[in-house]
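Working notes for the structure below.
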Amino acid sequence: MKRIGATLTALLLAVSLPAFTHAQNTLVKERHMNTKKILVAFFSRAGENYAVGHIEQGNTHIVAEMIASATGGTLFRIEPATPYPDDYRACTEVAQREKRSKARPALVGDIAEEEYDVIFLGYPNWWGDLPMCVYTFLEQHDWQGKVVIPFCTHEGSGLSDTENRLREACRGASVLNGLAVRGSAAQNEREKARKQVLEWLKQLKY
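If you're matching positions, the sequence shown starts at -12 in the numbering used here and goes up one per residue.
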């Protein structure tokens, strides 16, 4: 009987120890993720919007706040020294001119990127690209060893090729799969947009 009991004990240990070790490793990984400092940097524009009319808060700003609230990240707004016009047509003319010339508009304010491990980067998708002021922000910092996670707002074009453009601009960083949220949903269907954000963060384990 003693031999049977000892054998059963050994079998139970053989089965339970790997499971316990896996659970412990998972917990350690989750704690490590939770100790990483997170920045939610974004560019967003309010004013006249062709899809939803005049808006007081930009679409990307709304999504950025959702991400910061869920992750505990620090919000940082990428702000051009010369604001884009409120008028939609005038804004598109300025933005297209910047894109054609590959301009790097001056910015107001800055952050110390060395204080953060993970950077969520938000922007509106403008003609399949990042707004030029976002390139200014990216080129001002060293992304070596950082995790960069893009998110954008759009009205049908999704992320386009912006993830690859970010990989080129953020040399040395690990650029993860991004999220594209319709701007009209961010404005008028916020719970739907929030659910989309939370599901994405869960997949990323943030």
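Virtual Cβ for every residue (Gly too), placed ideally from N, Cα, C.
I need the straight-line Cα distance from residue i to residue j, nearest angstrom please.
i, j, result
"Gln127", "Lys89", "15 Å"
"Gln64", "Val168", "In the sequence as displayed, the identity of residue 64 is Arg instead of Gln. When rounded, the distance between both Cα atoms is 18 Å."
"Asp104", "Ser161", "11 Å"
"Ala51", "Ala172", "14 Å"
"Ser147", "Glu85", "19 Å"
"Lys23", "Ile98", "17 Å"
"Pro118", "Gln190", "27 Å"
"Ile25", "Gln83", "32 Å"
"Tyr193", "Glu35", "33 Å"
"Gly109", "Pro137", "6 Å"
"Ala57", "Val81", "34 Å"
"Asp129", "Arg87", "26 Å"
Along the alpha helix (DSSP H) that carries residue i, what are the first and last residues, could you check?
i, result
"Ala99", "Counting along the chain, Ala99 falls outside any alpha helix (DSSP H), and DSSP gives it neither H nor E."
"Leu191", "177 to 191"
Report yes if the C-beta distance between residue i and residue j is below 8 Å; otherwise report no.
i, j, result
"Gly45", "Ile54", "no"
"Glu142", "Gly170", "yes"
"Gly132", "Gly115", "no"
"Tyr71", "Tyr37", "no"
"Phe124", "Ala33", "no"
"Cys139", "Asn112", "yes"
"Cys157", "Val135", "yes"
Give me, in chain order, the residues of the same chain whose beta-carbon lies closer than 6 Å to that of residue i; leave out the 5 immediate sequence neighbours on both sides.
i, result
"His48", "Ser31"
"Val95", "Glu66, Ala68"
"Tyr165", "It is worth fixing the name first, because residue 165 is Gly in this sequence and not Tyr. Correct list, in chain order: Pro137, Phe138, Leu146, Glu150."
Which first and last residues belong to the beta strand (DSSP E) in which residue i is found?
i, result
"Tyr110", "105 to 111"
"Asp36", "As written in the sequence, residue 36 is Asn, which differs from the Asp given in the question. Taken as a continuous stretch (DSSP letters only), the beta strand (DSSP E) holding Asn36 covers 34 to 36."
"Val221", "Limits of the chain in this structure are -12 at one end and 193 at the other, which puts residue 221 out of reach."
"Leu117", "That residue, Leu117, is in no beta strand (DSSP E); it is neither H nor E in DSSP."
"Phe29", "25 to 29"
Could one say the Cβ of residue i lies closer than 8 Å to chain B's Cβ atoms, at least one of them?
i, result
"His128", "Annotation note: the requested chain B is absent from the structure, which comprises a single protein chain."
Can you find the residues in the same chain that come closer than 7 Å, C-beta to C-beta, to residue i, ignoring five residues on each side of it along the sequence?
i, result
"Cys120", "Phe30, Ile65, Pro67, Pro92, Leu94"
"Glu186", "none"
"Glu178", "none"
For residue i, verify whether its CB is less than 7 Å away from any heavy atom of the ligand NAP.
i, result
"Glu150", "What this structure holds is no ligand at all, so the ligand NAP is not there to describe."
Short of 8 Å in beta carbon distance, which residues of its chain neighbour residue i, apart from the five on each side in sequence? Order them along the chain.
i, result
"Lys182", "none"
"Lys180", "A quick correction: the sequence has Ala, not Lys, at residue 180. Ile49, Val50, Met53, Val168, Arg169, Ala172, Ala173, listed in sequence order."
"Leu188", "Ile54, Ala57, Thr58"
Sequence ranges, alpha helix (DSSP H) only - wholly within the region 45 to 98, length at least 4: Within the region 45 to 98, the complete alpha helix (DSSP H) segments at least 4 residues long are 46 to 58, 75 to 88, listed from N- to C-terminus.
Contained alpha helix (DSSP H) runs [length at least 4] in the region 128 to 164, N- to C-terminal order: Taking only runs of at least 4 residues, the alpha helix (DSSP H) segments lying wholly in the region 128 to 164 are 149 to 156.
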